[in-house]
Amino acid sequence: METRYLIVGGSAAGMAAAHTIRKKDKTGAITVLSDEDTLPYFRPMVPYILTGKKQVPDIALSGTGIFVQPRIDVRTGTIVTSVDPVAKILTTASGKTWSYDKVLFATGSRPYLPETVKGLDSPGVFSLKTVADAAAMAQRSRNTDHVVLLGGGILNLKAAFALLEKKIKVTLVVHSPEVLSQLMDPEDAFLIRKALDRAGLKIMTGCSADHVVTDADGVCAVALDNGTQIPCRMVCVGKGVIPNTECVRGSAITVDKGILADPFTACSVKDTFAAGDVAVTHDPATGEKTVTALWTNAVDMGICAGLNMAGIPTRYTGTLGIMNATQVAKEPFVAMGRVHTKGRDLETHIDKTDTTYRKIVFNKEGTRLVGALFIGDITHAGMYRYVIREKKPIDRIKSHLIRHTLHYGHFM
Amino acid sequence: MSNYKEIFVKTDKCTGCLTCKIACAVEHSETKSLFSAIRESPRPVSRVYVEWLPGNAKVPVLCRHCEEAPCLNACISGAISRSDTNAVITDAGKCIGCWTCVMVCPYGVIGRDQTLAKAFRCDRCPDREIPACVGACPTQALVYETVDGFSKTKRKTVSRELLTREGA
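Residue numbers (the working numbering), protein chains in the order written: chain A, 5 to 416; chain B, 77 to 244.
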């Protein structure tokens with residue numbers, strides 16, 4: 005009999021799993037239930053929807069990269085509200101039930117809105133996560149000349165640049181001493197900070213929003229904890245994300261922050277799997293349990309879950325909690341593994357020029373590469389990731405790692 | 077196993093002359109002629125790299141078009157795809173220069189065009205019968221064959237070497 009695969013969530017992990025299953029199982033029925041109204045798309049491209057440089061069809065997943073398999077039934081606008089993993093039945097918000105043989109929870113994450121900041125439910129407060137968010141922000145931005153962004157992470161920086169492109173003034177309010185604090189120590193960020201300042205971003209560090217001030221048209225200012233008020237008609241919150249675990253709560257599936265997944269992406273109940281932002285997995289650099297919110301990690305884990313669901317036992321190698329490559333204000337950077345070294349017992353090598361910054365981090369014994377940060381020049385970053393992730397022996401290549409002379413020949 | 081041709085490297089035959097790099101850069105230039113290519117701006121760059129190892133060994137390195145390609149999985153803009161000749165290709169039109177592919181490539185063979193903010197790599201010269209680097213290599217350190225063909229040739233060479241060594 006044909007296997008009925010059900011996938012909850014139509015983004016990176018869910019769609020990667022769906023296409024992987026189809027590669028291995030030509031006959032099973034694969035259904036994806038997505039709570040969004042749009043067919044699956046490349047979520048990291050959402051800022052381009054805000055600027056108007058791309059339209060939704062331009063960023064569709066289907067037919068590109070690994071998403072080229074046939075016969076995957078995607079149901080949009082379908083919100084799963086509960087699951088009975090023993091009877092193998094899902095229930096949706098409309099009351100419809102779906103029975104399955106194997107299920108994957110790839111429900112992703114949603115923006116975290118700190119409860120300490122009052123008024124974040126007001127009209128004009130956004131987080132840039134979905135195409136619907138981008139459309140709503142674009143709409144509101146027509147009547148605003150100033151946006152305050154709460155949080156200095158990558159998502160907010162991307163949002164800030166998208167708004168700058170629309171000729172809107174932006175102010176970033178960052179609680180930490182410097183932007184990108186999740187990805188580097190404050191003193192690592194000076195080249196990026198310089199580039200951001202040059203690009204025209206106004207950044208206020210070391211302060212937080214206390215509450216959002218509103219009038220009849222929604223947001224009209226943000227009141228900070230230092231007593232000042234910044235007038236604005238729009239707020240964008242980028243304070244991290246939280247896993248969407250609601251639909252499995254109350255079921256036999258174990259949840260601890262996210263849905264617990266074993267090294268084979270399986271949950272605590274048979275024929276139940278989890279992948280992507282919602283899944284709790286392990287970090288090979290630190291050995292700790294981790295949840296990440298990264299497209300690339302989600303795709304990798306989705307592929308792995310797809311293989312396991314199709315009956316090919318595949319161990320997931322884990323996600324580096326930090327693994328980011330991007331370019332902000334023409335400054336490329338890559339942060340991987342353990343890059344926060346301040347006050348920690350790690351062997352750290354820093355090498356800087358006027359235009360580049362490189363930090364290479366080994367464990368305290370200096371026997372294993374555990375992290376790397378490159379700013380300005382990211383050449384060969386992938387080889388460092390390989391050494392970190394695969395825990396490669398480094399005795400023969402350590403000086404090359406430090407001097408940045410590593411090349412593929414050294415692995416031969 | 078794929079029946080498509082791939083570029084194989086015979087490190088023992090490489091003399092480090094870098095002819096492959098020049099041929100590659102010219103092939104990926106606007107004018108496709110060495111004399112005019114060197115005057116182009118931005119200057120055309122090679123997608124083949126030749127690295128040195130202690131003992132003066134040379135190692136040409138280029139995109140392997142991996143069967144399980146990390147870059148293909150990692151691309152966040154849908155710019156990387158598998159072509160109908162099994163090559164992994166980057167569509168410059170869709171590339172947004174986020175460098176995620178650079179971060180995940182264990183071979184370090186994805187280059188960055190900083191001016192245009194586009195990633196580039198070996199495309200096996202789709203307009204040519206034989207890739208430019210292979211055609212230009214004077215010592216046949218680069219060969220263009222199917223996996224099957226390459227291992228057959230290799231088996232023959234090895235057995236011939238063994239026979240010679242045994243004095244047969």
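Beta carbons are placed, not taken as given, at the ideal position from N, Cα and C, and that holds for glycine. Quick caveat: nothing in here was measured; it's all calculated off a predicted structure.
> Out of curiosity, what's the CA-to-CA distance linking Gly184/B and Met416/A?
Replying inline: As a first step, residue 184/B is located in the second sequence; it is residue number 108 there, counting from the start. As a first step, residue 416/A is located in the first sequence; it is residue number 412 there, counting from the start. Distance between the alpha carbons of Gly184/B and Met416/A: 14 Å.
> Around the Cβ of Pro288/A, are there at least 16 other Cβ atoms within 10 angstroms (buried) or fewer (exposed)?
Replying inline: Mapped onto the first sequence, residue 288/A falls at position 284. Classification of Pro288/A: buried, given that the 10 Å Cβ count is 16 or more.
> Which value, in whole angstroms, describes the spacing of the CA atoms of Ala244/B and Thr229/B?
Replying inline: Residue mapping note: residue 244/B aligns to position 168 of the second sequence, counting from 1. Residue mapping note: residue 229/B aligns to position 153 of the second sequence, counting from 1. Because the pLDDT of Ala244/B is 44, which lies under 50, any placement of that residue in the model is unreliable, and the number read from its coordinates should be weighed accordingly. Computed Cα separation, rounded: 20 Å.
> Roughly how many angstroms separate the alpha carbons of Arg158/B and Ala145/B, rounded to a whole number?
Replying inline: Counted from its first residue, the second sequence places residue 158/B at position 82. Counted from its first residue, the second sequence places residue 145/B at position 69. Whole-angstrom Cα-Cα distance: 9 Å.
> In chain B, which residues lie with their C-beta within 8 Å of the C-beta of Val303/A?
Replying inline: For the purposes of this step, residue 303/A is taken as the residue at position 299 of the first sequence. Neighbours of Val303/A on chain B, chain order: Asn149 and Ala150.
>> Suppose you measure from the CA of Ser227/B to the CA of Thr24/A; what does that come to, to the nearest Å?
In response: Along the second sequence, read from residue 1 onward, the residue named residue 227/B stands at position 151. Along the first sequence, read from residue 1 onward, the residue named residue 24/A stands at position 20. For Ser227/B and Thr24/A, the distance between alpha carbons rounds to 30 Å.
> Opposite Ser113/A in the DSSP bridges: which residues?
Replying inline: Taking the first sequence and counting its residues from 1, one reaches residue 113/A at position 109. Beta-bridge pairing links Ser113/A to Pro247/A.
>> List, in chain order, every chain A residue whose beta-carbon is nearer than 7 Å to that of Ala193/B.
In response: Numbered from 1 along the second sequence, position 117 holds the residue referred to as residue 193/B. Those within 7 Å of Ala193/B in chain A are Gln331.
> Does the pairing of the segment 300-307 of chain A with the segment 351-360 of chain A give three or more beta-carbon distances under 8 Å?
Replying inline: no
> For Val174/A, does the three-state DSSP call read helix, strand or coil?
Replying inline: As a working note, residue 174/A is residue 170 in the first sequence. Strand.
> To which residues of the same chain is Lys89/B closer than 8 Å at the C-beta, ignoring the five residues directly before and after it?
Replying inline: Residue mapping note: residue 89/B aligns to position 13 of the second sequence, counting from 1. Same-chain partners within the cutoff: Thr215, Gln216 and Ala217.
>> To the nearest angstrom, how far is the alpha carbon of Arg400/A from that of Glu292/A?
In response: The sequence position of residue 400/A within the first sequence is 396, counting from 1. The sequence position of residue 292/A within the first sequence is 288, counting from 1. Their backbone Cα atoms lie some 28 Å apart in a straight line.
> What do you get for Gly128/A, buried or exposed, if any count of 16 or more other CB atoms within 10 angstroms of its CB means buried?
Replying inline: Stepping through the first sequence from its first residue, residue 128/A is reached at position 124. Burial call: buried.
> Using the beta-carbon of each residue, which ones in chain B are nearer than 7 Å to Leu324/A?
Replying inline: Position 320 of the first sequence holds residue 324/A. Correct list: empty, because the minimum Cβ distance to chain B is about 10 Å.
>> Counting only Cβ-Cβ distances shorter than 7 Å, please list the residues of the segment 134-165 of chain B near chain A, keeping chain order.
In response: Val135, Val137, Leu148, Asn149, Ala150, Cys151, Ile152, Ser153, Gly154, Ile156 and Ser157
> Taking C-beta to C-beta, are Val303/A and Gly341/A nearer than 7 Å?
Replying inline: Along the first sequence, one-based indexing puts residue 303/A at 299. Along the first sequence, one-based indexing puts residue 341/A at 337. Result no, Cβ atoms of Val303/A and Gly341/A do not sit closer than 7 Å.
> Could one say the Cβ of Cys100/B lies closer than 7 Å to chain A's Cβ atoms, at least one of them?
Replying inline: For the purposes of this step, residue 100/B is taken as residue 24 along the second sequence, with counting starting at 1. Cys100/B does not count as touching chain A.
> Quick one, which of Thr383/A, Glu182/A, Asp221/A and Glu394/A has its alpha-carbon nearest Arg407/A's?
Replying inline: Walking along the first sequence from the start, residue 407/A turns up at place 403. Checking every option, the nearest Cα to that of Arg407/A belongs to Thr383/A.
>> Taking CB distances under 7 Å as the criterion, tell me whether Glu82/B reaches chain A.
In response: The count along the second sequence starts at 1 and reaches residue 82/B at position 6. Answer no: the Cβ-Cβ gap between Glu82/B and chain A never drops below 7 Å.
> Residues bridged to Phe111/B by DSSP?
Replying inline: The residue you call residue 111/B lines up with position 35 of the second sequence. Answer by DSSP bridge pairing: none, since Phe111/B is not bridged.
>> Any beta carbon from chain A within less than 7 Å of Thr176/B's own beta carbon?
In response: Walking along the second sequence from the start, residue 176/B turns up at place 100. With 7 Å as the cut-off, Thr176/B counts as an interface residue toward chain A.
>> My parser needs the alpha helix (DSSP H) runs of 4 or more residues fully inside the segment 21-82 of chain A; what are they?
In response: 50-55
> If you check the beta carbons only, do Asn328/A and Leu187/A fall under 7 Å apart?
Replying inline: Locating residue 328/A in the first sequence gives position 324, counting from the first residue. Locating residue 187/A in the first sequence gives position 183, counting from the first residue. For Asn328/A and Leu187/A, yes; Cβs fall inside 7 Å.
>> According to DSSP, simplified to helix, strand and coil, what is Tyr412/A?
In response: Your numbering for residue 412/A matches position 408 in the first sequence. In this structure, Tyr412/A counts as helix in the three-state DSSP scheme.
>> As an exercise, report each continuous beta strand (DSSP E) stretch of at least 3 residues that is fully enclosed by the segment 323-379 of chain A, in chain order.
In response: 327-332, 335-341, 351-356, 361-366 and 373-379
> Is there a Cβ from chain B that is less than 7 Å from the Cβ of Tyr45/A?
Replying inline: As a working mapping, residue 45/A is identified with position 41 in the first sequence. Not an interface residue.
> Can you tell me whether DSSP reads Ser86/A as helix, strand or coil?
Replying inline: The count along the first sequence starts at 1 and reaches residue 86/A at position 82. Here Ser86/A sits in strand by DSSP.
> Is DSSP giving Ser180/A helix, strand or coil here?
Replying inline: Numbered from 1 along the first sequence, position 176 holds the residue referred to as residue 180/A. Three-state DSSP puts Ser180/A in coil, outside helix and strand.
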